[in-house]
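Reading through the structure tokens given below for one structure.
Residue numbers (the numbering used here), protein chains in the order written: chain P, 1 to 426; chain E, 427 to 527.
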């Protein structure tokens, strides 16, 4: 129990449970000990919590701090907006992580990290001490870039739905309320942002809904980028073949402002009126990163060491997922966050035991996108650690995209979701 | 060890040896990159339609991986992924899953 704030454990009455769980540790595996706190229970944080328990044979104590009562998946959430899946399908409980893996789960928000004292303060008033900390906080939005949206009332009407949850449901309702012949406008920020193919998948699934229920409607994509950021050829072909006359793609169309009352998007030289205006705002590492003094690159993304995911300027703090400055061509995806979490978990267990982390880590990415309710496409890549640059680099000749959209890949995408959710939460 | 230069050389040597030593859990770590789709320790979710890898004979898995890698076995994504791993890494992965029950 070294390094743990006993008082805070006793306060929540968790000590007895943890001791019982520690007593069940399987034999044969190295016993490391120590207490790791994980901030954020998404694809990165939940996976880190599970694998720290699994790979330490339950000898490392893990506390997960997550503000939401249940996990809601961003991957597959565009299917909810398109109408072929329900929120129940993409919502999972943290119960198994707690009951079967012995992860202590606190539903609260972290106010501040004190890296000197190795402790963090919770909004609910508690304090947690850690030997090592995992921060997997996701993204926050740069609202100042879109002045008209820089208020809670504006954000309640012009939705992003780029964090799955209530906004997913609300955007679905806006789409359902849209008249036939309406215009759905989707604004895409400059890369890097969470889930590179996600905006194009959403446009496809909104168009799929329109085609079946409101065939006179249009979907206009206002993309700040010069071209489609991911799976370009496959999306272009799907739109031409499946949604002719419905999807209109406009590159180099960066959103400058929004008029909320008239749902109008203001570009540099143009304005576009919408019946449903869906703005995916520019993004950066979640506020907790900057607030905690973690070194950022471009004032947006956390700089980390690729052998351990440890912050470049804050010892014992490991950062995962969409919040970090990515390796070359590495997308901000749930799949990558899960892989980074395993890298971090392995490194943390080595470091807690006084050993160096694995000197040759490998990461892999797979992203499936649906182009209608049944057909999907993929992009994949593999990254190997490169000692010369100190970064995981994409392997030349590996990875790639689908040869064509298919129902087979749609079924595999559904299987991917089932397995990755189990890999992080069960 | 009194000479500072000698001490420095020794330190550098030890550090670089330290850094190059393979991780004892290397096979486990590599195999974990497959778990997103194929399940934790290769135990895929029943009914998910994705092949479980746990307990599969090493020679069988390795042959399959090699065939994907050299283009003799068709697939949607596995040919692309296997080309990202060295033959030695694929062998470690196949051996790890073979030991999982």
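Quick reminder that beta carbons are idealized off the backbone N, C-alpha and C, glycines included.
Within the model, the alpha-carbon separation for residue 516(E) versus residue 376(P) is close to 27 angstroms.
192(P) is the residue among 226(P), 216(P) and 192(P) whose C-alpha sits nearest the C-alpha of residue 298(P).
Residue 370(P) is positioned such that its CB atom lies closer than 8 angstroms to that of residue 79(P). Distance check between residue 62(P) and each of 419(P), 115(P), 90(P) and 129(P) places 129(P) closest, using alpha-carbon atoms only. Excluding sequence positions up to five before and after residue 123(P), its CB lies within less than 8 angstroms of the CB of 108, 109, 110 and 111, all in the same chain and listed in chain order. CA-to-CA, the gap between residue 335(P) and residue 329(P) works out to about 14 angstroms. Under the Cβ criterion of 8 angstroms, residue 482(E) is not counted among the residues facing chain P.
Nearest Cα to residue 295(P) within the set 315(P), 276(P), 279(P) and 277(P): 315(P). Exclusion of the five residues before and after residue 82(P) leaves 205, 206, 208, 209 and 373 as the residues of its chain whose Cβ lies within less than 7 angstroms of its Cβ.
If you draw a straight line from the Cα of residue 44(P) to the Cα of residue 463(E), it comes to about 15 angstroms.
Residues of chain E with a Cβ closer than 8 angstroms to the Cβ of residue 335(P) are, in chain order, 462. Taking a Cβ-Cβ cut-off of 9 angstroms, the neighbours of residue 342(P) in chain E comprise 455, 458, 459 and 461, given in sequence order. Counted as a single uninterrupted DSSP element, the stretch harbouring residue 201(P) is not any beta strand (DSSP E) but the alpha helix (DSSP H) occupying residues 198 to 213. Put simply, the backbone Cα of residue 498(E) is about 40 angstroms away from that of residue 251(P). Sequence-distant Cβ neighbours of residue 51(P) in its own chain, meaning closer than 6 angstroms and more than five residues away, are 342 and 345.
Against chain E, the CB of residue 373(P) has no partner CB under 8 angstroms away; the residue lies outside that interface. Excluding its 5 nearest sequence neighbours in each direction, residue 471(E) has C-beta neighbours in its own chain below 8 angstroms: 465, listed in chain order. Contacts with chain E at 8 angstroms (Cβ-Cβ) include residue 366(P). In the three-state DSSP reduction, residue 139(P) falls in the strand class (E or B). Counting only runs of 3+ residues, the beta strand (DSSP E) found wholly inside the stretch 234 to 259 of chain P occupies 247 to 250 and 257 to 259, in chain order. In terms of Cα proximity to residue 392(P), the closest of 226(P), 300(P), 228(P) and 365(P) is 365(P). Listed along chain P are 419, 422 and 423, each with a C-beta nearer than 7 angstroms to that of residue 465(E). Following the DSSP letters along the chain, one finds residue 184(P) inside the beta strand (DSSP E) bounded by residues 183 to 188.
Residue 317(P) has 133(P) as its beta-bridge partners, per DSSP. Under the Cβ criterion (8 angstroms, minimum of three pairs), the stretch 505 to 525 of chain E counts as touching the stretch 484 to 493 of chain E. Between residue 352(P) and residue 132(P), the CB-CB gap stays under 8 angstroms.
The way I'd put it, the stretch 397 to 408 of chain P does touch the stretch 506 to 514 of chain E; three or more beta-carbon pairs between them come closer than 8 angstroms. In this chain, the beta strand (DSSP E) harbouring residue 266(P) covers 264 to 266. Straight across, the Cα-Cα distance linking residue 202(P) with residue 102(P) is about 37 angstroms.
Note: residue 377(P) is bridge-paired with 369(P) in the DSSP secondary-structure output.
Using a 10 angstroms sphere on the CB of residue 358(P), the tally of other CB atoms reaches 16 or more, which defines it as buried. Residues of chain P with a Cβ closer than 7 angstroms to the Cβ of residue 506(E) are, in chain order, 380, 398, 399 and 400.
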